[in-house]
Structure formats: C-alpha cells, structure tokens
C-alpha cells in the first residue's frame, strides 16, 4: 500500500467543481462563532460536493484570513451566501422545498444511526453555535432534529466534527444506493 | 421538539466513564501538530467511549492549555499514553493482537463505505500529521488503509473531522448490530 501523491488524487479543478453534479444538500451555519469551524465547513463541503453553505448571523464570511487557514482554498469552490438571520435562511429554503433538519440534542430527536437518508428531496442541515446550539425557534420550524448518539462525560462533539459525521452519513447512503 | 438541558443529557461522571465498558478501539495520533486537533480527538473519544488514545512523536500531551480549550475536560475521562515513535506504539498494539488500520489516501485502500466493521477484535486507527499524513513505514506495518472517499478540489479533510467520521462508522455498526 503506497500513499498517493497529490497529483494522483484525481482532484477537481475549481472550474470542474463548479460544473460537477452536487449532492442536494445545503449546510446552514446558525451563528457559528469560530472561524476555524467555518473554514472546516468549507473544506468538508468541498470534499463531499455539497451544493451550498449559508452563513447566518454572526457567522464569519470569506474573504477572511482565519477562515482560509482551515478552508485551504475551499472557499473558492463551494457556493455560499450570507443570511442576516437563520430564520430568514430557513424560510427561503422552505420556499424552495428543502427538508430542514436541525442537528441537536433534543427530545423526540431522530438518532443518526436510525435514519434512512434515501430521499431525492433537497436537505438542509442546520448546525448551531458552539455554546448555545441551534436556536429553539429554528428547531420549531424544522422537519426534525437529528442527534448523534453520545455516551461520555461531555455530550459535546465539536461542531466541525458533527458536520463531518452527518454529511458522511448522507454521502455514504448515496454511494451505496 | 425541545432542546435538552445539560442535566437532561444523561452524561456520565468521570468516575462512571472510567468504569463503563469501552469500545475496543485505540486512536493513534501519528505526529499531529495542532493541539486543537489533539483536544478534538479527546472530545470525540469521550463522546464515543473509546478505550485509549496514544499520542506519538511530536503530538502534544495533556496537561496543556491549548489542548484543554478544545478537549473541554475530556482529558480527565479518556485514557491516554505517550509513545516516542508511532512505530513503537504499533509494535505494542500488534503484540496485544490489535488490528491496525491507517487512515490515508493510498493505492489498494479500502473505502470507508465498503468496510464491514463487525469484528470483535480490538482495532487501532492511525491518523497522521496534518501535512505529511501517516508515515509510509507505519502504513507498511498496517493491516490495511482506510480511505474516506472525497470528490472535490482538495481531498484533504481536517484530521479531527476524519477521526469523527471513521469512529462514527464503527460506533454506528455497534449500535445497529
């Protein structure tokens, strides 16, 4: 087993990325404080060919040096826009027939290991602030809450890690269907 | 759907965590440069009840303020030790009958969506340096290379995100088996 060199990775150019068919997923960042987490969102969205990121409220936007440190150029490939409030973003997604799932710890949540992601509908996943999580008002407007089961002393996965896990679960379903 | 309060999360105390049955997984950090990524490894290992983390080479160790910023206390629950070289850690794991998988992009890699994780054997997952990845020497000593399929312009998921995704895949298999 030999590690692949960068030129062997079959990476898309930014132009090829823009033309490529995307997964019908929108990533909604609800007041994410850390620019590191924003950068990571771009990098993960690039890796998994995600359709769009919506940066809401206090979430930082490109161009930004701190975002770029983690995004490593993925801000040039992934489509994004800014919304003043997360509710505004949700309203527009709803009008465009997206299913909306908040990723949170809530009563009546769906556990990530029990969800059947085989739908052709567009899905928006909402990830919340590092301290306060997804706003309750946004949860009230969602089609459901997705919860990553946790078993330890903290129950507080890093939001970048949560984004990776939830998006991977969707990607995997597409790859294996 | 109501967000759960901290006291409703059924979080384990550190004492309960120490006594709880763990997943038979060891996380090997092969010369991870960023203390942020080390902290995230602890937090994810805490969430998923991982048996142990081995911090190798230049990887920072607790106690450390920067690690703690991301670990949020998970350094108190998760068992860890330090190994001067990753090869040394691998050798000891091998003697204790662990299967050893490097997480990398390599020829003859197994794609994460195609792996059947239903084994009772202990598994060690090796995650590599942010720039150089897992050492080729370590890959040569591994039972296999696991690759997270990526489709964008970078093929470079953040190592914390990769750890979350690979561990989740194992956790999910345990939950659903």
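Protein chains in written order, with our numbering: chain P, 1 to 177; chain Z, 1001 to 1177. No residue lacks a Cβ here, since even glycine has one placed at the ideal position from N, Cα and C.
Using a Cβ-Cβ distance cut-off of 8 Å, determine whether residue 1124 of chain Z contacts chain P. no
Extract the residue ranges of the alpha helix (DSSP H) inside the region 1136-1171 of chain Z, only unbroken runs of 4 or more that lie entirely within it. 1136-1140
Quick one: what does DSSP say residue 108 of chain P is sitting in, helix, strand or coil? coil
Taking residue 115 of chain P as the reference, give the member of P/94, P/145, P/137, P/92 with the closest Cα. P/145
Is there a Cβ from chain Z that is less than 8 Å from the Cβ of residue 43 of chain P? yes
Give me the residue from P/19, P/42, P/125, P/140 with the minimum Cα distance to residue 80 of chain P. P/42
Contact list for residue 104 of chain P against chain Z, beta-carbon separation under 9 Å: 1001, 1003, 1004
Decide if residue 1101 of chain Z is buried, meaning its Cβ has at least 16 other Cβ atoms within 10 Å, or exposed. buried
Any idea what DSSP makes of residue 178 of chain P, helix, strand or coil? Residue 178 of chain P is absent from the structure shown; chain P starts at 1 and stops at 177.
Assigned secondary structure, residue 182 of chain P (DSSP; H/G/I helix, E/B strand, else coil): In the structure as shown, chain P begins at 1 and stops at 177. Residue 182 of chain P is therefore absent and cannot be evaluated.
Per-residue DSSP class, three states only, for residue 51 of chain P: strand
By the 10 Å Cβ neighbour count, where 16 or more other Cβ atoms means buried, how is residue 154 of chain P classified, buried or exposed? buried
To the nearest whole angstrom, what separates the beta carbons of residue 56 of chain P and residue 85 of chain P, a pair I think is in contact under 8 Å? 6 Å
So if DSSP puts residue 126 of chain P in a beta bridge, which residue, or which two residues, is it bridged to? P/28, P/102
Please confirm whether residue 1116 of chain Z has its beta-carbon closer than 8 Å to some beta-carbon of chain P. no
Can the beta-carbon of residue 95 of chain P be found closer than 8 Å to that of residue 139 of chain P? no
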